[in-house]
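Structure first, commentary second.
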Amino acid sequence: MNIIDGGATSAKGFKAACTAAGIKYKDRTDMAMLVSEAPCVTAGTFTRNLVKAAPVLWDRAIVESGSEARAVVINAGIANACTGEEGFEACRLSAEAVQEICGFTPDQVFVASTGVIGAKLPVDRITAGITAMAPALDPSREAGHNAARAIMTTDTLPKEACVTIEIGGKIVTIGGMCKGSGMIHPNMGTMLCFITTDAAISKALLQKALSETVEETYNMVSVDGDTSTNDTCLVLANGLAGNDPIQEENEAYAAFKEGLMEVNRTLAMKIAGDGEGATALFEVIVEHAPSKEDAKVLSKSVVTSSLSKAAVYGHDANCGRFLCALGYSGVNFDPNLVDMYFVSEHGKLKVAQDGVILAYSEEKAAEIMTTEHFTVLCDMKQGEATATAWGCDLTHEYVTINADYRS
Numbered sequence: 078m079n080i081i082d083g084g085a086t087s088a089k090g091f092k093a094a095c096t097a098a099g100i101k102y103k104d105r106t107d108m109a110m111l112v113s114e115a116p117c118v119t120a121g122t123f124t125r126n127l128v129k130a131a132p133v134l135w136d137r138a139i140v141e142s143g144s145e146a147r148a149v150v151i152n153a154g155i156a157n158a159c160t161g162e163e164g165f166e167a168c169r170l171s172a173e174a175v176q177e178i179c180g181f182t183p184d185q186v187f188v189a190s191t192g193v194i195g196a197k198l199p200v201d202r203i204t205a206g207i208t209a210m211a212p213a214l215d216p217s218r219e220a221g222h223n224a225a226r227a228i229m230t231t232d233t234l235p236k237e238a239c240v241t242i243e244i245g246g247k248i249v250t251i252g253g254m255c256k257g258s259g260m261i262h263p264n265m266g267t268m269l270c271f272i273t274t275d276a277a278i279s280k281a282l283l284q285k286a287l288s289e290t291v292e293e294t295y296n297m298v299s300v301d302g303d304t305s306t307n308d309t310c311l312v313l314a315n316g317l318a319g320n321d322p323i324q325e326e327n328e329a330y331a332a333f334k335e336g337l338m339e340v341n342r343t344l345a346m347k348i349a350g351d352g353e354g355a356t357a358l359f360e361v362i363v364e365h366a367p368s369k370e371d372a373k374v375l376s377k378s379v380v381t382s383s384l385s386k387a388a389v390y391g392h393d394a395n396c397g398r399f400l401c402a403l404g405y406s407g408v409n410f411d412p413n414l415v416d417m418y419f420v421s422e423h424g425k426l427k428v429a430q431d432g433v434i435l436a437y438s439e440e441k442a443a444e445i446m447t448t449e450h451f452t453v454l455c456d457m458k459q460g461e462a463t464a465t466a467w468g469c470d471l472t473h474e475y476v477t478i479n480a481d482y483r484s
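Under my numbering, the first residue of the sequence shown is numbered 78, with each subsequent residue one higher.
Next up, the structure:
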């Protein structure tokens, strides 16, 4: 597997475009479009929030129908959530606008929205944006990067990832883009994420690979504990790499899944590190836990703790907060066995042994915590399972952003 500089247009046959439609933002691009030259097998994961945005319902229906998709249209600024039948009608009209220009049927067109909940989607601006983007579709790296930038809301930077793998002598590319900075506590997948690949693979195995990698990546991210109404993760596979179709869980499937895992892990970490107001990526690794599920619950308990997140922001080496968060996670473990370490590029420091906080150097601990990527390593010493969760520090800026989000 090779990690390369790429994104949603890196796989063969995919093009992208973006435009400034003026949906909410007046000074930047706010719509993007992805199109495949060939029909795509699709897979998706969606929010488990009972309050689901209209695009989630639209896209889930397409994935479940088995329709081979050709396009994705994404807008930033307005979420098209809590908008009732009018919101679903906006999805249909958006897909029909793509049909009029590109010839794809509406059930081949995914739509996705992100932004303010409750606001009505200006369909006239959406359709005008589609009209502007269709002739500008381009397979270049720049077009993919610009599309990733156009779908941002409170994100501070575009998020992309790409790998190539070899399957049966053919080079297969898996690339993608996502957005997410606030209202991040996935319970299915990610915020908005679009993965493209030229692999030939069955729909069932594509869905299996996505669902399983989501559990180890996006579902291990939390910025603020709020699960969005719009969480959507889509994978489109057009088969243009020319590999023999992956139709069973063999070596080729394992290679594909490994590549997808790398792309999703990279994007998940970028989301966590770019949490609203964040100054640091906060990583929690739990090892030697009784079970995989225990390890996941323990790591997420620490990474979602407001007190822990505030300590990371202040570079306050109060490891008692991290131990406390392990204790209320709901996992039954022996606290008298736990060792804990602080880790960053500035070193590794043991701060607790057998559940007892050590007399460690506060100065060294603060140095390790003063970083853009800080890790708390929790050795439970009670099994063989490991899990990693990602979040960010909790800053004054997070409150500032979300107190004024609609203005």
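Don't be surprised by glycine CBs; every beta carbon is placed ideally from N, CA and C.
None of these values were measured; they are calculated from a predicted model.
Just confirm the distance between the C-beta atoms of residue i and residue j, as a whole number of angstroms; I'd bet it's less than 8 Å.
{"i": "A387", "j": "L471", "result": "5 Å"}
{"i": "A225", "j": "P212", "result": "A225 to P212, Cβ: 20 Å. No contact."}
{"i": "D310", "j": "V291", "result": "In the sequence under discussion, the amino acid at residue 310 is Cys, which differs from the Asp named in the question. Confirmed, Cβ separation roughly 6 Å."}
{"i": "F333", "j": "I244", "result": "7 Å"}
{"i": "D275", "j": "A88", "result": "4 Å"}
{"i": "H392", "j": "T447", "result": "5 Å"}
{"i": "D419", "j": "V433", "result": "Just to set this straight, residue 419 is Phe in the shown sequence, not Asp. Going by Cβ atoms, the distance from F419 to V433 rounds to 16 Å, so no, they are not a contact pair."}
{"i": "S190", "j": "P116", "result": "Going by Cβ atoms, the distance from S190 to P116 rounds to 24 Å, so no, they are not a contact pair."}
Tell me the residue span of the alpha helix (DSSP H) that contains residue i.
{"i": "S190", "result": "Run containing S190: none in the alpha helix (DSSP H); it sits in the beta strand (DSSP E), 186-193."}
{"i": "G350", "result": "328-350"}
{"i": "R147", "result": "First-last for R147: 146-155, but that is the beta strand (DSSP E), not the alpha helix (DSSP H)."}
{"i": "T204", "result": "200-210"}
{"i": "A387", "result": "383-391"}
{"i": "R398", "result": "396-404"}
{"i": "E353", "result": "That residue, E353, is in no alpha helix (DSSP H); it is neither H nor E in DSSP."}
{"i": "R169", "result": "161-179"}
{"i": "P132", "result": "131-142"}
{"i": "T128", "result": "Checking the displayed sequence, the identity of residue 128 turns out to be Val instead of Thr. Careful: V128 lies outside any alpha helix (DSSP H) and carries neither H nor E."}
{"i": "S378", "result": "369-380"}
In the DSSP assignment, find the beta strand (DSSP E) that holds residue i and state where it starts and stops.
{"i": "F271", "result": "269-274"}
{"i": "A109", "result": "108-123"}
{"i": "F359", "result": "358-366"}
{"i": "T96", "result": "91-96"}
What residues are listed by DSSP as bridge partners for residue i?
{"i": "E474", "result": "DSSP output for E474 lists no bridge partner at all."}
{"i": "A466", "result": "V361"}
{"i": "E243", "result": "I248"}
{"i": "T309", "result": "F123, L269"}
{"i": "N79", "result": "T241"}
{"i": "A314", "result": "V118, T274"}
{"i": "D486", "result": "Residue 486 cannot be examined here, being either before or after the span of the chain that is shown, 78 to 484."}
{"i": "I323", "result": "I278"}
{"i": "G253", "result": "A238, I272"}
{"i": "V298", "result": "W467"}
Under the criterion of a Cβ to heavy atom distance below 7 Å, does residue i qualify as lining the ligand FMN?
{"i": "A464", "result": "Within the structure as shown, the ligand FMN is missing, as the structure has no ligands at all."}
Review point. In chain order, which continuous runs of the alpha helix (DSSP H) of length 4 or greater are located wholly inside the region 407-462?
Key: 439-446
Check your understanding: If you pair each beta-carbon of the region 135-151 with each one of the region 236-249, do three or more pairs fall below 8 Å?
Key -> no
Review point. Is the region 356-370 touching the region 449-459 in the sense that three or more CB pairs, one from each, lie closer than 8 Å?
Key: yes
Check your understanding: Are the region 277-291 and the region 152-167 touching by the rule of at least three beta carbon pairs closer than 8 Å?
Key -> no
**Study point:** At least 3 beta-carbon pairs within less than 8 Å: the region 98-112 vs the region 189-207
**Key:** yes
Point to revise | Cβ contact check for the region 363-382 and the region 458-471: 3 or more pairs under 8 Å | key: yes
Practice item. Answer yes if the region 373-393 comes into contact with the region 341-361, meaning at least three C-beta pairs across the two stretches below 8 Å, and no otherwise. Key: yes
Exercise for review: Could you tell me whether the region 86-103 touches the region 217-224, using the rule of 3 or more Cβ pairs below 8 Å?
Suggested key: yes
Practice item. Would you check if the region 173-191 and the region 144-151 touch, i.e. whether three or more CB-CB distances between them fall below 8 Å? Key: yes
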